[in-house]
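Trainee: So for the sequence shown, my numbering puts the first residue at 4; every next one is plus one.
No residue lacks a Cβ here, since even glycine has one placed at the ideal position from N, Cα and C.
All values derive from a computational prediction rather than experimental measurement.
Structure provided below as structure tokens; questions to follow.
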Amino acid sequence: MTRRAVAALLAGGGATLVAGQASAAAHQVRMLNTGANGASMVFDPPFLRVRAGDTVKFIATDRGHNAASITGMTPDGATPFNGRIN
Numbered sequence: 004m005t006r007r008a009v010a011a012l013l014a015g016g017g018a019t020l021v022a023g024q025a026s027a028a029a030h031q032v033r034m035l036n037t038g039a040n041g042a043s044m045v046f047d048p049p050f051l052r053v054r055a056g057d058t059v060k061f062i063a064t065d066r067g068h069n070a071a072s073i074t075g076m077t078p079d080g081a082t083p084f085n086g087r088i089n
């Protein structure tokens with residue numbers, strides 16, 4: 004294999020890695036005191052499918068909310084968190 008062929012393979016692999024990182028999505032979830040159906044203390048959207056590398060930002064729309072991880076419900080290796088109440 005020539006140097007050019009090796010360089011082309013490496014360049015293609017690098018482009019693939021960058022493309023994979025660029026495809027990560029940013030999601031927003033609103034924390035509401037009352038949902039559209041009248042239910043109390045809801046998230047909007049109520050369900051969210053995320054992939055490894057995506058980010059999720061919880062937005063408190065009313066006062067008195069925080070976001071916190073729940074023991075036993077976070078993936079292995081994830082860092083627990085407890086946000087302040089707004």
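By DSSP, does Met76 sit in helix, in strand, or in coil?
Mentor: Residue state, collapsed to three classes: coil.
Trainee: Which one or two residues does DSSP pair with Phe84 in a beta bridge?
Mentor: BP columns for Phe84 are empty, so no partner.
Trainee: Are Ala27 and Gly56 close, meaning C-beta to C-beta below 8 Å?
Mentor: It is a contact, given that the beta carbons lie within the stated cut-off.
Trainee: With the cut-off set at 8 Å, would you say Gly80 and Ala70 are in Cβ contact?
Mentor: For Gly80 and Ala70, no; Cβs fall outside 8 Å.
Trainee: Going by DSSP, what residues sit across from Phe61 in a beta bridge?
Mentor: Its beta-bridge partners are Val32.
Trainee: Expressed to the nearest angstrom, what Euclidean distance is found between the alpha-carbon atoms of Asn89 and Asp65?
Mentor: If you take the alpha carbons of Asn89 and Asp65, they lie about 8 Å apart.
Trainee: For His44 and Val32, I'd like the C-alpha separation in whole angstroms.
Mentor: Note on identity: in this sequence residue 44 is Met, with His being the wrong assignment. Taking the straight line from one Cα to the other gives about 13 Å.
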